[in-house]
Structure formats: structure tokens, C-alpha cells
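One structure is given below, encoded as C-alpha cells.
Residue numbers (this note's numbering): 8 to 535.
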């Protein structure tokens, strides 16, 4: 065991940590305020589900696609402020703060010296602040909870305390409640980490097995109530529907590879604004590699393509692409004779693999899937550097500074990108919503025509009316007569539409009504 605490610098280190925490708090406030309208389609679902929980409509709140924990975080803020957007921002701020704390905890687990942790807290604060406004998704929350669970499991292996393993299971269960992929990731972590401990202890299996059993038991205890709810909703035993849907959208070229909510005209379930709140009700084009030989070839290619995506995303916050190489070199050259080096390398690689491997057969390109890996690799490089044998102190210091800058520069660049981001889609929907209210228009529902940016969805959300989806072409007149709605059409496409009354323009879009649409266009109501 290394002594993580230097002497004579406690006050300076505490000041550094306090400064980093204040920086994070300032970023959460300023970025949250500047990015209040940074909304994505997933955010609409989480905010609507939070509303259902708040109103006690559990039949609409429970589904197998979205985990409940992020929406639960929104509920108290929604009850207090009445604003879904503020509630979402607060939930993401809490998630980012938890990720910051979990990142610092993981550094302690990796036994980084106190001075290194104090310096690393600053780029970590920038990283977490930027991710608080990147997207409204549960990924930062899931990453924080998984890191806490994995860190406690490592501590349990070192101390022999079953209580640590039990609490690891609690955090793994909560991570699953945030995002379903955390459950198989936790299972793989427990299995691989336990196998590593058996190997490292030269075959002593009793304690690793007991620790793994304790973690698994508590994970199951926390997860089972939600699994039961999801299974009851699905009508079959299930812990999540996301895997099947993500496999469907990774299909071969002759299979529709996008979510039907945003590709077809449809009426959502009664009580919902959008079918995206529970996409399991939509008809996804399922495919199987056993159907045809070309499907099998496609399935075999997906892991190869995704491995490239995963490795690229692993290094997205690794400016000089140093850390994966450092881990492999340390594993091959130093780890065999240095148990403390071997532990850092193996535990880091296990954590990164457990949070990546389940994306291999499905859609894997999104950077947000790998927040656990970013935090793990951020700590892994310095953890290896402080354990390098026979290296001059100045050289070691230079390596540590380089490794910290290696993550700090991309984090700062990403922060600058988020600070200057614009929100044209949601703001365009706000302009349309304001026009609807000012004119007292009767909008029963909203649909998009050639609207890939989901402006129609955001308009429906703001007007609290159903969203009938998006189509490349205008739906048939019979369909629109049966389901009257306002159509959101980009200005570039509106000129080609005939037979629809234009209510008004705003934000680069036109709002048309499907009523009174037969015959020649009615444009008397057009306004800017």
C-alpha cells in the first residue's frame, strides 16, 4: 500500500479541492442557466415521465426503455418550481456533482497521492461541468453510481470487509435504475474482478466468491422491484427493452434503422404526448442474423465496426492518446513483478471493458456511453506513473503534469464548445408555441414533415398536445382528416405543400393546419 498523503501541504491541498469544487458549482450554475433550452428528444421523455410520477400516473411512468432514477431526481424540483426544464437542469447538475465525487473517490481507490488528486480535481470539475449540459440523459448519473460501486468492490477486496461489497451492490443496483446497461456491466465487473482476485491470490477463491456473492445479492435486492415492474408492463420477464431496440436500429441496409417515432405518422398512447416516452409500443423492424446469410455477415461486422467506435470514444478525452498505450505497456513490462502496478492496470481495464463490451453488437457510437471509461482512464495514467520504478522525481513530475494536461485540454475545449452552443430547434419551437398562444389557435396535435431535428416534438411538448411523429412526405388526406393536427414544416420544404392553410411562420419553420386544406391553398393567415 502506498501512502497517499504527502506531508506539510495539507492546507494547500484542501484549498485546491475547495477551489475545484467552487469551479464546478459555478459551472453548474452558469452553464445550466445558459443552456436551459438545450433539450434533446430523450429529455422530453424523461421530463414527461417525471410528470407522471409526480401526478401518480404510474401506468404511464413505468416502461422497459427508460430507467426511472433520472426522472425521480426531477420530481422534487418539478414539484417545487413547476418547470420541467429547470427540473431537468437540476437533475443533471446533481448527476454531474455525483460524477465529480465518484471520480475523486476512484482516484483514492487507485491510491493517487493527495497532491495528484488535488491537481486532477480541476480538469475533473471542468469535465463534469461540461457534461452537465451536454445532453439530458442518465449517463452521468449511471457513471457516478457505477464508479462508486466498482470502487467499493475494490476496497472490499483490499480490506476484506463484506460491508464494502454489500454497498457496492447497492450502488450497482442504483446504476441499473439509472440506465439498464449497468446491470449486465455490473455482473461482468463482479465476475472479472473476482476472477482477477482469485488469480492474484494464487487460487484462493473463497473470499472473492463471498464478496462477489454479497455484491450480487445486494444488486439484485435493489434491482428486483424495478425488474418486476418492467416485467409486469411487458407481460414477460424482462429487465430492459433497450437491448432489442438498439439491436433493431443497428440492422442491415434493407432494414429501417431509425426509431419509428421519428419516421412515421402515428397516434401515441392516450395520456402521452409522444410514443418516445415508451418506444416499446412502436413496431420496430426486428431482424435476426439467422434469417439470411447477408444478415449474418452484417451481424459479424457490427462488433468490428463498434470496436473502432469504442476505441475512438475511449480516447475522446485523451488529447495525446497516451493512457491506453501506457496501460498496455505497464501490463506487459512492469505488472508481472509489481503487484500494485498489476492491480491498477487490471482493475482499470476490467472497468473500461465492463462498460463497453455490451455495446459491441448494437449501436455504440455515442460518446456519452463511455463516461465511466473516461474517469477510469483519467485516473489510470497517473496511477501508473506514480508506481513507475527507478525514475527521477523531476521526470515523474513531468510525466504526471503531461498526463493531467492530456485530459485537461480536451475537457477545456469541450467546455468552451458547450459554453457557446446554440439551441435553434427548441427556440424555433418556442417561437411557434408563442405564436399559437398569441393567436389563440386551436392545436389538437402536432406532426412534423421532413423535420429531422424534432421541432414538432418540442412544439407538442410546450403546448402539451400529442406528437404524431414525423414523415418525409405529407400524410394522406384521409389520415389527416381522421387525425387533425398542425404540421411543422421547414421553410425550404413548405413551398411544395399545396392545399394547407399556413397559420404563421417562425424560426425558419411554417405551422400549417390540416383543416380546411382541400382545394387551393389558404394563405390569408400567413404572418411573420
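The C-beta atom is built at its ideal place from N, Cα and C for all residues, glycine as well.
Quick one: residues in its chain with C-beta nearer than 6 Å to the C-beta of residue i, no 5 flanking neighbours on either side, listed in chain order?
{"i": "residue 381", "result": "324"}
{"i": "residue 205", "result": "212, 215"}
{"i": "residue 482", "result": "272"}
{"i": "residue 439", "result": "466, 513, 518"}
{"i": "residue 130", "result": "414, 415, 418"}
{"i": "residue 369", "result": "253, 254, 257"}
Taking the Cβ atom as the reference point for each residue, do residue i and residue j lie within a distance shorter than 8 Å?
{"i": "residue 196", "j": "residue 390", "result": "no"}
{"i": "residue 136", "j": "residue 422", "result": "yes"}
{"i": "residue 292", "j": "residue 266", "result": "no"}
{"i": "residue 326", "j": "residue 413", "result": "yes"}
{"i": "residue 71", "j": "residue 248", "result": "yes"}
{"i": "residue 494", "j": "residue 519", "result": "yes"}
{"i": "residue 230", "j": "residue 158", "result": "no"}
{"i": "residue 50", "j": "residue 95", "result": "yes"}
{"i": "residue 2", "j": "residue 379", "result": "The structure shown does not extend to residue 2, since the chain is modelled only from 8 to 535, so the question has no answer here."}
{"i": "residue 103", "j": "residue 153", "result": "no"}
{"i": "residue 122", "j": "residue 20", "result": "yes"}
{"i": "residue 365", "j": "residue 192", "result": "yes"}
{"i": "residue 453", "j": "residue 474", "result": "yes"}
{"i": "residue 38", "j": "residue 425", "result": "yes"}
{"i": "residue 128", "j": "residue 23", "result": "yes"}
{"i": "residue 384", "j": "residue 359", "result": "yes"}
{"i": "residue 457", "j": "residue 484", "result": "no"}
{"i": "residue 320", "j": "residue 374", "result": "yes"}
{"i": "residue 536", "j": "residue 185", "result": "Residue coverage of the chain in this structure runs from 8 to 535, which leaves residue 536 outside it and unanswerable."}
{"i": "residue 199", "j": "residue 386", "result": "no"}
{"i": "residue 48", "j": "residue 489", "result": "no"}
{"i": "residue 302", "j": "residue 312", "result": "no"}
{"i": "residue 145", "j": "residue 225", "result": "no"}
{"i": "residue 91", "j": "residue 97", "result": "no"}
Within the same chain, show all residues whose beta-carbon is closer than 8 Å to that of residue i, passing over the 5 residues directly before and after it, in chain order.
{"i": "residue 498", "result": "512, 515, 516, 517"}
{"i": "residue 169", "result": "163, 217, 218, 221"}
{"i": "residue 338", "result": "349, 352, 353, 356"}
{"i": "residue 434", "result": "44, 514"}
{"i": "residue 240", "result": "69, 70, 71"}
{"i": "residue 81", "result": "53, 54, 57, 91, 94, 95, 97, 98"}
Mark residue i as exposed unless 16 or more other C-beta atoms lie within 10 angstroms of its C-beta, in which case mark it buried.
{"i": "residue 349", "result": "buried"}
{"i": "residue 402", "result": "exposed"}
{"i": "residue 87", "result": "exposed"}
{"i": "residue 415", "result": "buried"}
{"i": "residue 308", "result": "exposed"}
{"i": "residue 17", "result": "exposed"}
{"i": "residue 124", "result": "buried"}
{"i": "residue 252", "result": "buried"}
{"i": "residue 317", "result": "buried"}
{"i": "residue 89", "result": "exposed"}
{"i": "residue 133", "result": "buried"}
{"i": "residue 62", "result": "exposed"}
{"i": "residue 394", "result": "buried"}
{"i": "residue 477", "result": "buried"}
{"i": "residue 176", "result": "buried"}
{"i": "residue 363", "result": "buried"}
{"i": "residue 54", "result": "buried"}
{"i": "residue 487", "result": "buried"}
{"i": "residue 228", "result": "exposed"}
{"i": "residue 65", "result": "exposed"}
{"i": "residue 290", "result": "exposed"}
Going by DSSP, name the residue or residues bridged to residue i.
{"i": "residue 494", "result": "454, 519"}
{"i": "residue 474", "result": "453"}
{"i": "residue 508", "result": "520"}
{"i": "residue 405", "result": "Answer is none; residue 405 lacks a bridge partner."}
{"i": "residue 513", "result": "516"}
Go through its chain and collect everything with a Cβ distance to residue i's Cβ below 7 Å, but skip five positions before and after it.
{"i": "residue 428", "result": "42, 45"}
{"i": "residue 234", "result": "246"}
{"i": "residue 244", "result": "238"}
{"i": "residue 56", "result": "68, 73, 78, 284"}
{"i": "residue 161", "result": "116, 354"}
{"i": "residue 328", "result": "322"}
{"i": "residue 436", "result": "462, 465, 466, 469"}
Does residue i get closer than 8 Å to chain D when you measure Cβ to Cβ?
{"i": "residue 260", "result": "In the displayed structure, chain D is absent; only one protein chain is listed."}
List in chain order: all unbroken alpha helix (DSSP H) runs of 4+ residues lying wholly within the segment 262 to 329.
Counting only runs of 4 or more, we get 300 to 321.
List, from N- to C-terminal side, the alpha helix (DSSP H) runs of 4 residues or more that fit wholly inside the segment 187 to 223.
189 to 207, all fully within the segment 187 to 223.
Whole beta strand (DSSP E) elements within the segment 45 to 70, 3-residue minimum
Listed in chain order, there is nothing to give.
Ranges of the alpha helix (DSSP H) found wholly within the segment 84 to 138, counting only runs of at least 4:
Listed in chain order, the complete alpha helix (DSSP H) runs (minimum 4 residues) inside the segment 84 to 138 are 91 to 116, 121 to 138.
Inside the segment 335 to 388 only - alpha helix (DSSP H) runs reaching at least 4 residues:
Complete alpha helix (DSSP H) runs here, min 4: 346 to 361.
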